[in-house]
Amino acid sequence: YNTQSGGDGQSQILVLQLIYLWPTGTGPLGLNLTNQPNGNRMLVATSVSTTEAYSCNSGQTSC
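Numbering of the sequence shown is given in our numbering, commencing with residue -9 and proceeding in unit increments.
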C-alpha cells in the first residue's frame, strides 16, 4: 500500500479499510466460525470514494 499523499487532493481515489479481529467461540452444533489463529475471525470492511473537484479563489496557491 502507498500511504503517501498524492497531488493536490482533487479528484483522488480514497480507499478506507477497517480490519477487526472478532473473538469467537464454538457455535451451536460445533459450528466453527474462526478463520484466524487463537479462535478469532477477521472481519473486513472496505469503502472506496473519490474526492470532489473544487476551485480556489484567484491568486491563491492552495485552498
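C-beta atoms are modelled at their ideal positions from N, C-alpha and C, and glycine is treated no differently. Everything numeric in this text was worked out from a predicted model, so none of it was measured.
- With contacts defined as CB atoms closer than 7 Å, T36 and T24 fail to qualify as a contacting pair.
- For L8 against M32, the beta-carbon gap comes to about 11 Å, at or over 8 Å, which does not count as contact.
- For the pair L19 and V5, the Cα-to-Cα distance works out to about 39 Å.
- Here G17 has L23 as same chain residues with Cβ atoms under 7 Å from its own Cβ, once five neighbours each way along the sequence are excluded.
- E42 and N30 have their C-alpha atoms roughly 38 Å apart.
- Going by DSSP, T36 is part of the beta strand (DSSP E) stretching over N30 to T40.
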